[in-house]
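Asks: One structure coming up, written as structure tokens, with questions to follow.
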């Protein structure tokens with residue numbers, strides 16, 4: 294249903310929070326295909342713990358807490374985005 298809304302009323306970006314958490318491998322593959330289509334015209338910010346979802350990203354950002362209780366953000370660019 295979300296994808297239908299996204300296609301009917303496009304936005305420059307979407308924020309998705311663990312939308313694939315309950316999916317099996319087959320349906321995860323389908324969702325990743327849809328996300329690949331969406332990224333052609335919009336930016337995606339996806340919160341995930343799924344390795345397969347991370348593999349399609351241009352960049353990863355992780356948030357962790359150091360031993361002293363201070364939050365730390367780490368990032369890794371995986372590939373150049375098509376927009377650059």
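Residue numbers (the working numbering): 294 to 377. C-beta atoms are modelled at their ideal positions from N, C-alpha and C, and glycine is treated no differently. Since the structure is predicted, the reported quantities are computational estimates derived from the model, not experimental observations.
#1: Roughly how many angstroms lie between the CA atoms of residue 307 and residue 335, to the nearest whole one?
#2: For residue 309, I'd like the list of residues in its chain whose CB is within less than 6 Å of its CB, leaving aside the five on either flank, ordered along the chain.
#3: Along the alpha helix (DSSP H) that carries residue 322, what are the first and last residues, could you check?
#4: Quick check: what's the CA-CA separation for residue 327 versus residue 350?
#5: Assign residue 337 to one of three DSSP states: helix, strand, or coil.
Replies: On the basis of the coordinates in this document:
#1: 7 Å
#2: 339
#3: Here the alpha helix (DSSP H) through residue 322 covers 318-332.
#4: Between residue 327 and residue 350, the C-alpha separation is close to 14 Å.
#5: strand
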